[in-house]
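Protein chains in written order, with this note's numbering: chain A, 3 to 139; chain B, 3 to 139; chain C, 3 to 139; chain D, 3 to 139; chain E, 3 to 139; chain F, 3 to 139. Every residue gets a Cβ at the ideal spot worked out from N, C-alpha and C, and that includes glycine. Input: a single structure, listed below in structure tokens.
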């Protein structure tokens, strides 16, 4: 059980309702996830986090589905159950199918393995990649 | 300095050279990264890891650039310096520009933040997302 | 279900009871948490861990409530469900209210985000901060 | 070397300078850390992150020094070199001395150990703490 | 509930059955764990992962029980509930008793604590250990 | 550079020298690692940590070399550079050769990969393993 009480729409202050309304309008849904109901214990935290997520996940240099796949990849690496489930569901809504999900997991699994090996042997970064290949000079 | 000696091409056994040749041919380059030179201390580990990476990163249900972005996202979340630098460089070669990199970091940063908040408040997964939205039933 | 059997007070050896008694006396309670009952499978592990926790959490250069908030922050970052719940409860007993908890989570969330960004862009430590600002010289 | 080019004040767009000015004014300093110079590659990321940090670290239900100690604790748990150094320095500026730093590390170290033990034995949360002690009912 | 549907033996394709048969023969059991049933959503991921695990866990320079203890140690450090439970059970089958399990947890807990302290104080690697003691020269 | 000043033997208080002497006698060496010199900023932290490490790493139900391999495995998973280097060196002194190191890394890498996959698909623990196979009943 969550360590704070969820704020339901009916009990919410106008400031919180305002954010809830924006969430539902932006996501074209009539439900507000538990995540936001927990954050609403501090309206400023709710508003700042929602505004951040809304901006970051909007279409831009990267496609929204790609962003969602990245979100799942991070959540899996962190082992966050809430986030894995909700973002896997969100990715499905944006077009991810089972084949894509399993490919994604294959990449995430491989990356976690090779990250470990690179750390384990304390491998020095190759000269040409020392600045992530941006060619500083 | 790495905790094992790198195996250079000249000193490598035929078994190791065979993998090095496949790496260079597949990646259309004439260099073998330090990562593989460290793994070569155990030829079987080298071959299995390279075959895995080669399969996983090949085009499939997901585009190679998307896979590379996911690889960077995982490496950043794990804080693996070697992996961040080499895969950021690889992503640039596959078409990632600075705008895409900064968008990617914005998503990865936001995901790490909201993962934390979901854990911190011990939020229960919403009923409709309990199976990652696959609609078990 | 835990991977070891809990040792209840009634079944405990005198050595284990001795630690249990100290836990209950120090914490002014008549219950021993599951954590200690699991560690009791190895009495030395139980005693050493309890003595460490007792010393570390006692009043010192830092206030016990601050220490408890730090404990929660670490547990959240590690995603340890047992620890988040028990230390959030302990922090409440020491005076943490909902406003403080949500502020704490806001800091922990922000720190996890900026940690990610610093790693992600592989940012060099600024010259004046290279020794954590202790002014080596 | 960072994987993006730092944006120095002289080269910065008015939008970026605006944030830099606010950082220097808020922190009463004439330098902008590398962190912000890297984020400036995407002005929106810079502005959103700075506004978040500024809000979160301001005095509120928790004292700014406590927040800084929590920031260090999270950074240490994540092993983020950049963040450990810069936030340790920031904590010193806000009043942390060596005794407080070593106490802080003692708590962070102990928390990481007991987190591990709780995970390792898969210990169930004690009934009274299942909601972080908030007494749901 | 898992985010993909488990593939049971009866519904499995010949390619998947082939792997399931090898798992059961190698492990001398008549059951296939949920882990493999989830991976079977992508037969190539199933086969590659099983072949890797089979090779890596076979007797070699390290004894199978030692490998299983290491597997548990990593799973505990990552906080992976599925992996902790299944590999603790596997270690028991290979000869681990309660005394060994609690010793293992004591080491894993201590390592997580000292890792934290080494990070927290940003301690430089001692000269003689800079290459993991292999005596490069 | 470390965020605290190292305490050298010559400057150390009798309390600290006492621990340093025990470290050198126990390890049959005439050097004290940087790790202990940093912890000495708080003598109680130094003593408690050293006593813990000494007890935990002593021969018991598990062989000292096995414990050292586990220490390396945890340090690699946490990506702690100081710890990877010093414990790899310590393992070599206790008999680990290159073949064992590469086998160890193969296991650690595989464990990190399968941990990820188990998390990623949110796989339920199989009924017989729910208590780590201890057969509660």
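Contacts of residue i in chain F (Cβ-Cβ under 9 Å)
| i | result |
| --- | --- |
| residue 47 of chain B | 104, 105, 107, 108, 111 |
Residue from the options whose Cα sits closest to the Cα of residue i
| i | options | result |
| --- | --- | --- |
| residue 3 of chain E | F:123, F:132, F:133 | F:123 |
| residue 54 of chain A | D:60, D:47, D:59 | D:47 |
| residue 63 of chain C | D:82, D:101, D:121 | D:101 |
| residue 93 of chain D | D:19, D:8, D:59 | D:59 |
| residue 105 of chain F | E:8, E:81, E:40, E:57 | E:57 |
| residue 52 of chain D | D:78, D:65, D:19, D:79 | D:19 |
| residue 89 of chain F | F:109, F:68, F:108 | F:68 |
| residue 121 of chain F | A:77, A:37, A:38 | A:77 |
| residue 107 of chain A | B:126, B:73, B:91 | B:73 |
| residue 103 of chain B | A:109, A:65, A:128, A:80 | A:65 |
| residue 130 of chain C | D:91, D:98, D:125 | D:91 |
| residue 110 of chain E | D:126, D:117, D:10 | D:117 |
| residue 87 of chain C | D:75, D:11, D:128 | D:128 |
Interface partners of residue i on chain C, CB under 9 Å
| i | result |
| --- | --- |
| residue 137 of chain A | Here the premise fails: no neighbours, minimum Cβ distance about 15 Å. |
| residue 4 of chain F | 133, 134, 136, 138 |
| residue 94 of chain F | Per Cβ cutoff of 9 Å: no residues; residue 94 of chain F is ~28 Å from chain C at best. |
Length of the line joining the Cα atoms of residue i and residue j
| i | j | result |
| --- | --- | --- |
| residue 136 of chain D | residue 135 of chain F | 34 Å |
| residue 34 of chain B | residue 25 of chain B | 7 Å |
| residue 61 of chain A | residue 119 of chain C | 20 Å |
| residue 139 of chain B | residue 96 of chain A | With a pLDDT of only 45 at residue 139 of chain B, under 50, the local geometry of the prediction cannot be trusted, and the value read off the model is given with reservation. About 21 Å. |
| residue 112 of chain F | residue 32 of chain C | 44 Å |
| residue 44 of chain E | residue 23 of chain B | 29 Å |
| residue 42 of chain B | residue 82 of chain D | 30 Å |
| residue 8 of chain A | residue 133 of chain A | 45 Å |
| residue 28 of chain D | residue 84 of chain D | 21 Å |
| residue 6 of chain B | residue 70 of chain B | 27 Å |
| residue 49 of chain A | residue 39 of chain A | 12 Å |
| residue 16 of chain D | residue 115 of chain B | 29 Å |
| residue 98 of chain B | residue 75 of chain B | 13 Å |
| residue 37 of chain D | residue 126 of chain D | 41 Å |
| residue 21 of chain D | residue 12 of chain D | 13 Å |
| residue 80 of chain D | residue 14 of chain C | 38 Å |
| residue 10 of chain C | residue 10 of chain E | 41 Å |
DSSP three-state assignment for residue i, whether helix, strand or coil
| i | result |
| --- | --- |
| residue 1 of chain E | Lying outside 3 to 139, the shown extent of chain E, residue 1 of chain E is not represented and no answer is given. |
| residue 61 of chain E | coil |
| residue 75 of chain C | helix |
| residue 17 of chain F | helix |
| residue 124 of chain B | coil |
| residue 131 of chain A | helix |
| residue 86 of chain E | helix |
| residue 34 of chain A | coil |
| residue 29 of chain C | helix |
| residue 68 of chain E | helix |
| residue 4 of chain D | coil |
| residue 101 of chain C | helix |
| residue 10 of chain D | coil |
| residue 139 of chain B | Unreliable placement is indicated for residue 139 of chain B, whose pLDDT of 45 sits below 50; the coordinate value is still reported in the next sentence. Of the three classes helix, strand and coil, the one that applies to residue 139 of chain B here is coil, per DSSP. |
| residue 43 of chain F | coil |
8 Å Cβ cut-off: residues of chain E touching residue i
| i | result |
| --- | --- |
| residue 29 of chain F | None at all; the shortest Cβ gap to chain E is about 13 Å. |
9 Å Cβ cut-off: residues of chain B touching residue i
| i | result |
| --- | --- |
| residue 83 of chain C | 121, 124 |
Contact set between residue i and chain D, taken where Cβ atoms lie within less than 9 Å
| i | result |
| --- | --- |
| residue 115 of chain A | Result: empty, since nearest Cβ-Cβ is about 19 Å, beyond 9 Å. |
Contact set between residue i and chain D, taken where Cβ atoms lie within less than 8 Å
| i | result |
| --- | --- |
| residue 86 of chain E | 121, 122, 124 |
| residue 57 of chain A | 46, 50 |
Proximal residues of chain C, C-beta to C-beta of residue i below 7 Å
| i | result |
| --- | --- |
| residue 73 of chain D | 109, 113 |
| residue 54 of chain D | 112 |
8 Å Cβ cut-off: residues of chain A touching residue i
| i | result |
| --- | --- |
| residue 68 of chain B | 68, 71 |
Interface partners of residue i on chain E, CB under 7 Å
| i | result |
| --- | --- |
| residue 100 of chain A | 6, 43 |
| residue 90 of chain A | 5 |
| residue 78 of chain D | 118, 121, 122 |
Listed by chain order, chain A residues near residue i by CB distance under 7 Å
| i | result |
| --- | --- |
| residue 62 of chain B | 105 |
Chain-ordered neighbours of residue i on chain B, where CB pairs are closer than 7 Å
| i | result |
| --- | --- |
| residue 2 of chain A | Missing from the structure shown is residue 2 of chain A; chain A here goes from 3 to 139 and no further. |
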